Amino acid sequence: MGLKLYNTLTRQKDDFVPIDANNVRMYVCGPTVYDFAHIGNARPVIVFDVLFRLLRHVYGEAHVTYVRNITDVDDKINARAMRDYPNDKPVEAIRHLTETTYAQFEKDVTELGCLKPTVTPRATEHIAEMIAIIERLIAGGHAYVAEGHALFHVPAMADYGALARRSLDDMMAGARVEVAPYKRDPMDFVLWKPSKDDEPGWDSPWGRGRPGWHIECSAMSWKHLGETFDIHGGGVDLVFPHHENEIAQSRCAFHRDVMANIFMHNGFLQVEGEKMSKSLGNFFTIRELLNDWPGEVLRFNMLKTHYRAPIDFTVRGLEESAAILTKFKKTVAKFSRISGMESVGVISALSDDLNTPAAITEMNHLNSIASGVTYDGGAAKLSEVLEREEEAANKLAWALKLLGFSTQENKVTLSAEFRNQVTALIAARLEARKARNFAESDRLRDELAAMGVVLKDAKNKDTGEIETTWEVKR
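Quick note on the numbering used here: the sequence shown kicks off at -7 and runs consecutively.
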């Protein structure tokens, strides 16, 4: 069964044929670590974790190399580090900040069920490789030095823009092009820039400075995967300029036709139908959501939508995801002999451009068989029916594991803030009942129900007072 993946370079599903089946290589742009990651950042992590798992299943765990970088030098990082560690030297300050922030990111994505990549390189540990690539580009006439900056000269690459498939005029109109007198062309982009005394910096042939964003990924992918590799992934927002500029740097430095054979991009994420924004009050970090929802529910909710399509992250969607996962796990738990059995239907769906919605549809079908829903009470022997149900349950358990889920039922973890809110609403409801304000009491019950809180009222035998217990069902 062949694997097909949608290639942004060709705008079609291409057959995946690795350069070396004994070393399948994938690079995914990782986090810029200066603050808690938001839920939009979780989407590429989950998507490419599923692809990593699929590749390991097809080619063997020992034959897949997955690199997800850590961007640990950046203007936002610099500003935050100077604020939080004012007494440290600049390079030490960004290291302190990024180590703390990345540790939190790693904890969050682990709770989302993501495997650790094979390599998680830091940009600051690859300065030598960045300088080497820039020197190659300058020597080849693709880059130049001006006023302490090293810049890539876009017109020197004839087919620049092939990934985004836009003209230079269109790209310039849609990009934040820095106007600078030392640029030969407005589209030229920074490979290296000078650092002030209070900014992180490293020695280079062009003076003390720091790298541009794009050169970081070219250097890290080269170091760990070679001049060309199989798959490059990231969010659709990275197509231009980041991935376009990576391609330009890597191809021109190493004189290759491609940087990676397949470029894959996941779609945008919205929250309750709107673009996530702090000003709209719908901006959520992964950690905030993990305080109220199991990581597996957040993961499943992502996978219900095809990775290339936009996703609308809603409370109702999370509730539905929790219900489906619980259903699957309860079905598997009914059977004592669960060792796992490959599901051809699930593999077929995933092999068609990582079609997780189709895989979940197949899992629903397996669940129906395993739970006896499809048995019509006909002439089949009971032993045959039970055998078929057990086989379906084994395939369902195997599919859950392949997609990064356990077969154990989830326990809802509630934040202290959530518990305090529920306690306050229950107290207000009891007061409303005592005042015989039943309309307000019902309103508060409905508000709690919308939060997933189920109430149970009972009279205390000793005091005669009504006492309320509660639980969360999601």
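Ideal Cβ positions, reconstructed from N, Cα and C, are used throughout, including at glycine. Bear in mind that the values here come from a model prediction, so they are computed numbers and not experimental data.
Do the CB positions of residue i and residue j come within less than 8 Å of each other?
i, j, result
"Asp151", "Cys106", "no"
"Val59", "His216", "yes"
"Asn283", "Ile330", "no"
"Asp38", "Arg248", "A quick correction: the sequence has Ile, not Asp, at residue 38. In this structure, Arg248 does not lie closer than 8 Å to Ile38 by Cβ."
"Asp76", "Leu89", "yes"
"His235", "Leu183", "no"
"Val25", "Phe97", "yes"
"Trp390", "Glu354", "no"
"Thr57", "Thr110", "yes"
"Thr471", "Pro23", "This structure does not reach residue 471, given that the chain is present from -7 up to 466, and the question cannot be answered."
"Ala54", "Ala73", "no"
"Thr277", "Ala29", "yes"
"Leu129", "Gln241", "yes"
"Ile361", "Ala384", "yes"
"Leu317", "Phe397", "yes"
"Asn70", "Glu219", "no"
"Asp6", "Gly(-6)", "no"
Taking the alpha carbon of residue i as the reference point, which residue from the options has its own alpha carbon closest?
i, options, result
"Val50", "Gly287, Ala13, Glu376, Gly133", "Ala13"
"Arg380", "Ala389, Leu358, Ala391", "Leu358"
"Arg243", "Cys209, Leu261, Ala420, Met256", "Cys209"
"Gly225", "Ser328, Asn61, Pro192", "Asn61"
"Tyr299", "Ser271, Ala341, Thr318", "Ala341"
"Arg157", "Arg308, Ser375, Asn(-1)", "Asn(-1)"
"Lys467", "Glu457, Leu104, Ser360", "The chain is shown from -7 up to 466; residue 467 falls before or after that span and cannot be answered."
"Gly309", "Pro302, Met294, Thr318, Thr323", "Met294"
"Lys270", "Ile31, Pro82, Ala419", "Ile31"
"Pro82", "Asp189, Ala148, Ala120", "Asp189"
"Asp66", "His206, Glu139, Gly(-6), Pro178", "His206"
"Ala138", "Tyr94, Ala172, Thr2, Lys453", "Ala172"
"Arg87", "Val231, Gly193, Asn274", "Gly193"
"Ile11", "Gly273, Ala441, Ala252", "Ala252"
Just to check my reading of the structure: residue i and residue j have Cβ atoms closer than 8 Å, yes? What is that Cβ distance to the nearest angstrom?
i, j, result
"Lys448", "Thr460", "7 Å"
"Arg176", "His141", "Actually they do not touch by this definition, with Cβ atoms about 11 Å apart."
"Val535", "Leu47", "With the chain represented from -7 up to 466, any question about residue 535 goes unanswered, as that position is not in the structure."
"Gly265", "Asp304", "6 Å"
"Lys(-4)", "Asp345", "6 Å"
"Leu394", "Arg45", "6 Å"
"Ser363", "Thr323", "5 Å"
"Pro186", "Glu127", "At roughly 17 Å, the Cβ-Cβ gap does not stay under 8 Å, so Pro186 and Glu127 are not in contact."
Quick check: the Cα distance between residue i and residue j, rounded to an integer number of angstroms?
i, j, result
"Trp201", "Gly259", "With the sequence shown as reference, residue 201 is identified as Gly, and Trp is not the correct amino acid for it. Going from the Cα of Gly201 to the Cα of Gly259 covers about 35 Å."
"Arg114", "Phe221", "19 Å"
"Lys321", "Gln400", "6 Å"
"Val263", "Ile125", "40 Å"
"Ser213", "Leu392", "31 Å"
"Gly133", "Asn33", "37 Å"
"Asn237", "Phe246", "14 Å"
"Arg255", "Pro349", "Residue identity differs from the one stated: residue 255 is Phe in this sequence, not Arg. Going from the Cα of Phe255 to the Cα of Pro349 covers about 21 Å."
"Glu288", "Phe430", "38 Å"
"Glu311", "Ser159", "44 Å"
"Glu382", "Phe327", "7 Å"
"Asp468", "Arg421", "Nothing about residue 468 can be reported from this structure: the residues present for the chain run from -7 to 466 only."
"Phe181", "Leu261", "28 Å"
"Ala120", "Tyr136", "18 Å"
"Ile339", "Ile123", "43 Å"
"Met268", "Pro302", "13 Å"
"Asp162", "Lys68", "27 Å"
"Lys373", "Ser343", "35 Å"
"Ala314", "Pro286", "9 Å"
Does the ligand FAD have a heavy atom nearer than 7 Å to the CB of residue i?
i, result
"Ile125", "This structure does not include the ligand FAD; it has no bound ligands of any sort."
Quick one: does residue i have its CB under 8 Å from some CB of chain D?
i, result
"Ala385", "As a matter of chain content, chain D is missing from the structure shown, which is built from one protein chain."
Problem - Unbroken stretches of the alpha helix (DSSP H), 4 residues or longer, contained in the stretch 76 to 134 - result: Within the stretch 76 to 134, the complete alpha helix (DSSP H) runs of at least 4 residues are 82 to 103, 119 to 131.
Practice task
Tell me the start and end of each unbroken alpha helix (DSSP H) in the stretch 236 to 313 that is at least 4 residues and wholly inside, in chain order.
Solution key: Qualifying alpha helix (DSSP H) stretches, in chain order: 236 to 246, 278 to 282, 287 to 295.
Problem - Every unbroken beta strand (DSSP E) within the stretch 198 to 224, with a cutoff of 3 residues, ordered by chain - result: Segments of the beta strand (DSSP E) lying fully in the stretch 198 to 224: 201 to 203.
Handout entry: Minimum length 3: unbroken beta strand (DSSP E) runs contained in the stretch 24 to 53
Key = Runs of the beta strand (DSSP E) inside the stretch 24 to 53: none found.
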